[in-house]
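In our numbering, the protein residues as written are 240 to 627.
Beta carbons are placed, not taken as given, at the ideal position from N, Cα and C, and that holds for glycine.
This structure is a prediction, so every number in the text was calculated from the model and none was measured.
Data block below; observations after.
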Amino acid sequence: MKRPKEPLFVLLVSGVALGALVGCRKQPATHSTPPVPVIAAEVLVRDQPIYVENIGQTLGAQDVEIRARVAGFLESVKFIEGTFVTNGTLLYTIDNAPFKASLAQAQAVLAQAEATWQKAIRDTNRLGPLWEKNAISRQQYDDALAAERAAAANVQAAAAALDNAQIQLNYTEIYAPISGIVGKTEVKAGNLVGQGQTTLLTTISSVDPIHVRFSINERDYLAWRRANSPDRPGREKAKGLFELILADGSLHPHRGDIAFADRQVDPRTGTLLLEVAFPNPERIVRPGQFGRVRFAVEVLTNAVLVPQRAVQELQANYSVFVVTPESTAEFRKLELGPRVDTFYVVKDGLQPGEKIVLDGIQKLQNGVPVAAVLTNLPAATRGEGREK
Numbered sequence: 240m241k242r243p244k245e246p247l248f249v250l251l252v253s254g255v256a257l258g259a260l261v262g263c264r265k266q267p268a269t270h271s272t273p274p275v276p277v278i279a280a281e282v283l284v285r286d287q288p289i290y291v292e293n294i295g296q297t298l299g300a301q302d303v304e305i306r307a308r309v310a311g312f313l314e315s316v317k318f319i320e321g322t323f324v325t326n327g328t329l330l331y332t333i334d335n336a337p338f339k340a341s342l343a344q345a346q347a348v349l350a351q352a353e354a355t356w357q358k359a360i361r362d363t364n365r366l367g368p369l370w371e372k373n374a375i376s377r378q379q380y381d382d383a384l385a386a387e388r389a390a391a392a393n394v395q396a397a398a399a400a401l402d403n404a405q406i407q408l409n410y411t412e413i414y415a416p417i418s419g420i421v422g423k424t425e426v427k428a429g430n431l432v433g434q435g436q437t438t439l440l441t442t443i444s445s446v447d448p449i450h451v452r453f454s455i456n457e458r459d460y461l462a463w464r465r466a467n468s469p470d471r472p473g474r475e476k477a478k479g480l481f482e483l484i485l486a487d488g489s490l491h492p493h494r495g496d497i498a499f500a501d502r503q504v505d506p507r508t509g510t511l512l513l514e515v516a517f518p519n520p521e522r523i524v525r526p527g528q529f530g531r532v533r534f535a536v537e538v539l540t541n542a543v544l545v546p547q548r549a550v551q552e553l554q555a556n557y558s559v560f561v562v563t564p565e566s567t568a569e570f571r572k573l574e575l576g577p578r579v580d581t582f583y584v585v586k587d588g589l590q591p592g593e594k595i596v597l598d599g600i601q602k603l604q605n606g607v608p609v610a611a612v613l614t615n616l617p618a619a620t621r622g623e624g625r626e627k
């Protein structure tokens, strides 16, 4: 009579086993999602100068054209092209034979004029007492005085002609008026120079200091003037405010200062012409080169900076992932300022002390747990600026 109960027992046991099996399958859903491994770093905070860059061209502090001032055949070239010459170095000689002859002639004319003048003086001295005794007429004495004055004037004219002949002779030797690098010679020995015009022979450029000329827009000029006003504390003797970046990207080892600022802004372009002088004792920089002049227009106090690689961009919207104190990833939109080296200045969206994700960003979503390995950010140095 007990056998009919066995199917009910088997059914109960099967139900318990099935429930246990279902319970085992649902058990993993109760575990949390494993944290995503990321590399993070605390945002960089510092007083950050903001730089601008303007393309400029170098020129000598003095660029002097050497020209022939007298006509004649170029006799010799006394310098090596492209070398440094000092003030007073002999550069060229012009055939001086005609000028020596002119000088000798002028000396003879002066001697003749002086002899005539001395005779006129003696005549006046002799006729004076005779006129006082009424031995000669007043007219005769006046003629003697006039002859003396004319002879004196002739002496002055002859002396001036002699000076001019000496000057012309001196011009046959051409010397460097400044110290600097001398360019190539435009005329070779044996050629006629100075015939009808002052022939350009070569050019000397004083390259220490070297000047760089560029234009700056009104906005940057005003910002620079405010940031570097002598009225600001610590700016009374500020020097070396400008840097020069050469064509190969290297930084010129010496900082520069303003040498010239134009009197007005060009109304056609809205820019002001500036010229900055950079020490160049090695004479590496030459006139005619192009470079970028970099200078700070403002300093951001306690600026927050983040590496470019941590920033995501989507349709001109910028964002980062922040590691929260609960070790989760928080999506954060940013308002960015200028670029500084490989960093961005953050105008809004981050606070000092917050940690941002550098690597592993592609695996993150808002609120996902993270296992962050902290690293240190390298310090930003200079702003790359905005080319003009």
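- With contacts defined as CB atoms closer than 8 Å, I375 and L369 qualify as a contacting pair.
- Shortest Cα-Cα distance from A542 to any of F582, V515, N373, R525 involves F582.
- Distance from E569 to N605 at the Cβ level is roughly 7 Å; contact confirmed, criterion being Cβ atoms closer than 8 Å.
- As the crow flies, the alpha-carbon of P506 is around 16 Å from that of D459.
- Between I294 and R531, the beta carbon gap of about 6 Å places them in contact (Cβ cut-off 8 Å).
- Going by beta carbons, I333 and T437 fall outside the 8 Å limit.
- A direct Cα-to-Cα measurement between A386 and T355 gives close to 9 Å.
- Inclusion of G299 and P526 in the CB contact set at 8 Å is warranted, their separation being smaller than that value.
- Cα atoms of T563 and V277: separation of roughly 13 Å, rounded to the nearest angstrom.
- Between the region 586-604 and the region 278-289 there are three or more C-beta pairs closer than 8 Å, enough to call the two in contact.
- Between the C-alpha atoms of A340 and L401 there is a straight-line separation of about 11 Å.
- By the Cβ-count criterion, A279 is buried, with 16 or more other Cβ atoms from all chains shown falling within 10 Å of its own Cβ.
- Cβ-Cβ distances below 6 Å link I413 to L330, Y331 in the same chain, with the five nearest sequence neighbours on each side left out; the list follows chain order.
- In the DSSP assignment, N430 falls outside any alpha helix (DSSP H) and carries neither an H nor an E.
- When only Cα atoms are considered, H450 and A498 end up about 8 Å apart.
- By the CB criterion at 8 Å, L408 and L342 fall inside the cutoff.
- Beta-bridge pairing by DSSP links P608 to T567.
- Contact check for V421 against E292 fails: the beta carbons are separated by 8 Å or more.
- Exposure of E521 is indicated by the presence of fewer than 16 other C-beta atoms within 10 angstroms of its C-beta.
- In terms of Cβ geometry, V550 and V538 do not form a close pair [threshold 8 Å].
- By the neighbour-count definition (other C-beta atoms within 10 Å, threshold 16), L553 is an exposed residue.
- Each residue's CA atom was taken as its position, placing Y557 and E574 some 7 Å apart.
- For K594, the beta-bridge partners assigned by DSSP are E281, V562.
- D459 sits in a helix when the DSSP states are folded into three classes.
- Under the three-state reduction of DSSP output, L349 falls in the helix class.
- Leaving aside the five residues that flank D496 on each side, the residues in its chain whose CB is nearer than 8 Å to its CB run, in chain order, K478, G479, L480, F481, V515, A516.
- In terms of Cα proximity to R502, the closest of A399, L513, G367 is L513.
- In this structure, Q351 sits away from L366, with a CB-CB distance that is not shorter than 8 Å.
- Counting every other CB atom within 10 Å of its CB across the protein chains shown gives S444 a total of 16 or more, marking it as buried.
- Taking the Cα of P288 as reference, the smallest distance to any Cα among E314, P546, D580 is reached at D580.
- Less than 8 Å separates the beta-carbon of N326 from that of A415.
- Straight-line measurement puts the Cα of V524 at about 23 Å from the Cα of E425.
- Approximately 22 Å separates the beta-carbon atoms of L544 and V609; this is outside 8 Å, ruling out the contact.
- Distance from the CA of G311 to the CA of L511, rounded to the nearest whole angstrom, comes to 45 Å.
- Judged by their CB atoms, S454 and T508 are nearer to each other than the 8 Å cut-off.
- With a threshold of 16 other beta carbon atoms within 10 Å, G429 falls short and is exposed.
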